[in-house]
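All remarks here apply to the structure that follows.
4 protein chains.
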Amino acid sequence: MASNRIRRVGIVAKPHSPHARAILRRLTDWLRRKRIPFHCDPGAASALRGRKRADSRQAIYRKVDLLVVLGGDGTLLSVARDIAPTKVPVLGVNLGSLGFLTEVTLGEMLETLALVFSGKYEISRRMMLQARLFRAGRQLSDHCLLNDIVLNKSALARIIEIEVAIDGRYVTSYRADGLIISTPTGSTAYSLSAGGPIIHPNMRAFCVTPICPHTLTNRPIVVPSQVTIDLSIRKESDEDVFLTLDGQIGVPMKSGDRVQVRRSRHSIHLVQIPGKRYFDVLRNKLKWGGK
Amino acid sequence: MASNRIRRVGIVAKPHSPHARAILRRLTDWLRRKRIPFHCDPGAASALRGRKRADSRQAIYRKVDLLVVLGGDGTLLSVARDIAPTKVPVLGVNLGSLGFLTEVTLGEMLETLALVFSGKYEISRRMMLQARLFRAGRQLSDHCLLNDIVLNKSALARIIEIEVAIDGRYVTSYRADGLIISTPTGSTAYSLSAGGPIIHPNMRAFCVTPICPHTLTNRPIVVPSQVTIDLSIRKESDEDVFLTLDGQIGVPMKSGDRVQVRRSRHSIHLVQIPGKRYFDVLRNKLKWGGK
Amino acid sequence: MASNRIRRVGIVAKPHSPHARAILRRLTDWLRRKRIPFHCDPGAASALRGRKRADSRQAIYRKVDLLVVLGGDGTLLSVARDIAPTKVPVLGVNLGSLGFLTEVTLGEMLETLALVFSGKYEISRRMMLQARLFRAGRQLSDHCLLNDIVLNKSALARIIEIEVAIDGRYVTSYRADGLIISTPTGSTAYSLSAGGPIIHPNMRAFCVTPICPHTLTNRPIVVPSQVTIDLSIRKESDEDVFLTLDGQIGVPMKSGDRVQVRRSRHSIHLVQIPGKRYFDVLRNKLKWGGK
Amino acid sequence: MASNRIRRVGIVAKPHSPHARAILRRLTDWLRRKRIPFHCDPGAASALRGRKRADSRQAIYRKVDLLVVLGGDGTLLSVARDIAPTKVPVLGVNLGSLGFLTEVTLGEMLETLALVFSGKYEISRRMMLQARLFRAGRQLSDHCLLNDIVLNKSALARIIEIEVAIDGRYVTSYRADGLIISTPTGSTAYSLSAGGPIIHPNMRAFCVTPICPHTLTNRPIVVPSQVTIDLSIRKESDEDVFLTLDGQIGVPMKSGDRVQVRRSRHSIHLVQIPGKRYFDVLRNKLKWGGK
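Residue numbers (the numbering used here), protein chains in the order written: chain A, 25 to 315; chain B, 25 to 315; chain C, 25 to 315; chain D, 25 to 315.
Below, the structure written as structure tokens:
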């Protein structure tokens, strides 16, 4: 059980969601009755139509003890990349159906908040991935991600060749549509569609999953999170390759570029309600059928 | 056994292949000794450095009784698309390792030609696929292909939605990286990497293989070659989708575009040597280990 | 549309089904009102508790123009093996949820029968598989099956080796838990769980699907139904191998035994209602989500 | 680098291996020249035809500082189960081709021994799995395994139902041919054939891999080694289920039996030569093609 008292709440909402206004009013009314100060990001403030001033997300992350995210897994992913260093706990409420990361439904929102404010919750610390892009020996960018990075080819190229080294030792050269490096949290996202395993979010590991590999025995590999993974594109195939971060940010790559992946020193702190567990969400999302 | 007498031979060579010159000289010397007239495409003529005038491939296809293709499977695919209506038999000689389509190695070339000229060969008629692209109700293009068509997303889009109907009846909407429609010949190319089955080249069938489908139960489907398959892109995802033909020709697609796939009325006639069979090539290419 | 007049109906019911009695009374009352004579197998007669005399299934097959099967896909499979030579159309009504073969639900039963009696139905002719077991050169048994045959190892053996030849030519030796030869109809049964493709039931083909093969490139192979497939067990691994027919009949195999698979000269004639199609059933059974 | 001095060597050999005699003589001559005392198990002593007295394997494990295993991965697996508590380092020499566990080839044997005796080696500590079988609340047996346990059905049963709980919480009920719980070391054995990922041997994890699951979304799951996994067979399917340990020991299961899997407190200490690494073996065994 977590015990820090929650004094201030931040609210982030996916912009232009159809029912966001009604839900935000329910949420903010509840917080007002409890006399809990709160701050809204531009998405939430706009849904409330001016009843509350908007703060930037970055400003909110620095002054709250709990962040409520109203949206889908995509919204939470984009929050995670920025909030991680602050260690602020994040509660994901799904505006649509159930998500892997936003596992509280609208109907459960207020009941869940009541539990959280009485200290009846747990924190699931999810490891994140640091990806650094190097060009000509210089670091171009540095990213902290919750789900995955993907190196993949453009639609018109048939195959690319990606050389992988782990802790400085050659693993193999994948001839494939692309390659995914995912965290345990990201294992149920793109990696699963590409044939990867489900990895429990408490694990500290990466999954290296090739996308449509030419060599059929190139199967997904799970490695410990302590390793350093280096990816480089073979020169002849460089011009049509992109680096995609959490499926949201795309960076075109050039000949000789190198991507280095390690475990990030930050984690995301997800609020979890006792009684709602990982395997229940998995069973539901993958339609396994119940007990 | 095939019996038509071969009077004229066409030679097509992949341009800029390292050993092409030596091989072409071996081949043309052999033909001269046999007093068989032959015609060279620009790739072959250039490798012979002016010893023979170049004809256009299209001109060659109309005047020969046998076409020898020196190259890899890619070279043969591009020939197949144009030569199919002429029914000219095609003998594929692989300049590198063994191919699925170019199953004669350099060492076997002359011995194989001797068999062919003495009538000791068989024709493997491979079905081809007709793909027509429609925009706003008008047909934009019409293609005849040996391997496959692929609808896929650009590197930066995460997922697209492709609606499939067979003989006018809704099958499903694939949320995926893309979708492959392959012939039996194409089943061992891209479709295999995406999880599709191996389909014997004598079959008359299409394989509908989704690429990294979001719905894990979207498995490859084999349908008879008599059907008409209609593919359409859901509007919201239209701008990043490409149609790729035999992995060689790319066409950007627009909102509302539709692709219709049927069996082509043309087939490619591949020359095959008795004793070298499909399963032997398969065993070798997939490293199954032998008897 | 089918046009033969239906004069006599046979009813076969899975024994001991919970709701069979109520359903059978609904069905038999409807037939009596229509003045259609009918015959019940022991399962159906027992559910009706003596209101109708039982005939053997074999006797029924010889005197009816339509057979109604109340049960699951398993019941229909066992009927198919015997009724095929008579060409009597079979209508499968599922006592539980929807089946691949029993695609009429209880709620649709009477409405469907009304359509069938007014000639508004189609016949889906499904190819069947003939499997013959040879020992020491002598034929031990001869089976006609709708779904599949499986050669597999006992629980305690780790791996067996099965040599496959097609039309007398060596394909490969599978080192695996077992091997499935399925018809298109059987492709959505065991073969699908083992990684095989979905094959449209109008196809005339076999799928050769290895179960947990040691060689990872041993992928499922689809071959035309004209071929003859020979399976033999390598001697050292003979004592723990079983031949299973349609998942229902098991035969222990001995050293040197050989199984020969061909297309059966019989087909099963399944009654289908226009408007309910294969892909609708598939979408429902595999939970693809609808339009 | 490991530093304990090696005073005594044990030798275990797979019985009846064709070239064992020549290899053992080479090995024992080398040890004699180095004046290193050694002990032979019955397999090794018999290959040496009486030149050396046989000790039981158990006796050997208690008095040596290094065990050399001559055989395949199967031989090493059976040694691992017994030697683990002693922490004696094990060097696997493969009598045939390269193995995942016996990664020293015959040609490298003496050179490798020389490195080991000069302290130039590393120990790869591989986690093991403890499996306990309970019947009617009483523990029937307790096993320590290096690769995997498998619950599977007999050849004649079509499907079984296995309920899995992790740390006391329900995960799902698998309807499948069986279920594998593998260690990282075992991930490249049976689990890989059943569709599981490759897990780096330094990981501390289990992989739960269903065999031919009826529900296609039942994908392999990787969980941390700290968990307790409980497996139980649904009553109706009990009589045809077997528990198989490392693919070598089979135990018939009864209705209501339960298997509990945890990380063993023992590990196997494998001797590894610097410069020969996990990914090199993997690349070779899976025929990925080299650099």
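Built from N, CA and C at the ideal position, the CB exists for glycine as well.
Residue contact with chain D for H238/C: present (Cβ-Cβ distance below 9 angstroms to some residue of chain D). Taken atom to atom, the span from the alpha-carbon of I245/C to that of H224/B is near 7 angstroms. Those residues of the region 222 to 255 of chain B placed with their C-beta closer than 8 angstroms to a C-beta in chain D are L240, T241, R243, ordered along the chain.
Between R282/B and F158/B, the CB-CB gap stays under 9 angstroms. Looking only at Q296/A, Q154/A, Y194/A, the smallest Cα-Cα distance to S249/A is reached by Q154/A. Taken through DSSP and simplified to helix, strand or coil, I223/C comes out as strand.
Within chain B, no C-beta atom comes less than 7 angstroms from the C-beta of N171/A; the nearest is roughly 11 angstroms away. Chain-ordered listing is empty here: chain A has no CB closer than 8 angstroms to the CB of L115/B, the nearest sitting near 25 angstroms. Distance from the Cα of R289/A is smallest, within the candidate group C168/A, G280/A, I205/A, for C168/A. Using a Cβ distance threshold of 9 angstroms, P234/D and Y198/D count as a contacting pair. Comparing C-alpha distances from T110/C to each of L122/C, V128/C, K87/C, V92/C shows the shortest one belongs to K87/C. With at least 16 other beta carbons inside 10 angstroms of its own, K177/C counts as buried. Look at V265/C: its C-beta is under 9 angstroms from a C-beta on chain D. Think of a sphere of 9 angstroms around the beta carbon of W54/C: no beta carbon from chain B falls inside it, the nearest being about 30 angstroms out. In the three-state scheme derived from DSSP, where H, G and I count as helix and E and B as strand, L216/A is classed as helix. The Cβ neighbour count for S215/C, taken over all protein chains shown within 10 Å, is at least 16; the residue is labelled buried.
Beta-bridge analysis with DSSP links G274/A to T268/A.
CA-CA distance, G131/D to A44/D, rounds to 13 angstroms. Chain order gives the chain D residues near N176/C as A179, where near means a beta carbon separation below 8 angstroms. Chain-ordered listing is empty here: chain D has no CB closer than 8 angstroms to the CB of K87/B, the nearest sitting near 42 angstroms. For A218/C, the neighbours in chain D by C-beta distance under 8 angstroms run, in chain order, C236. Under the three-state reduction of DSSP, K311/D is assigned to coil, being neither helix nor strand. Annotation: Cβ neighbours of T268/B in chain A (cutoff 9 angstroms, chain order): A179, L180, R182. Secondary structure of F303/B (DSSP, three-state): helix. Of the other Cβ atoms in all chains shown, fewer than 16 fall within 10 Å of the Cβ of G74/C; this residue is therefore exposed. Looking at the backbone, the Cα of A37/B and that of T52/B are separated by about 13 angstroms. The contact set of G271/D on chain C, defined by CB atoms closer than 9 angstroms, consists of R182, I183 in chain order. Comparing alpha-carbon positions, the option among V33/C, F141/C, I257/C lying closest to I183/C turns out to be I257/C. The region 136 to 145 of chain C and the region 304 to 312 of chain C do not touch, with fewer than 3 CB-CB distances between them shorter than 8 angstroms.
Under the three-pair Cβ rule at 8 angstroms, the region 265 to 272 of chain A counts as touching the region 94 to 108 of chain A. The Cβ atoms of L164/B and M152/B lie no closer than 9 angstroms to each other. Residue-level contact by beta carbon fails for K58/A and chain C, as no gap is shorter than 9 angstroms. Look at the region 155 to 183 of chain C and you find these whole runs of beta strand (DSSP E), each 3 residues long or longer: 162 to 169, 172 to 177. With a cutoff of 9 angstroms on beta-carbon distance, E127/A and K300/A are scored as near each other.
Around G274/D, the beta-carbon contacts reaching into chain C at under 8 angstroms are A179, L180.
For Y145/C, no CB of chain B lies under 9 angstroms from its own CB, so it is not counted at the interface with that chain.
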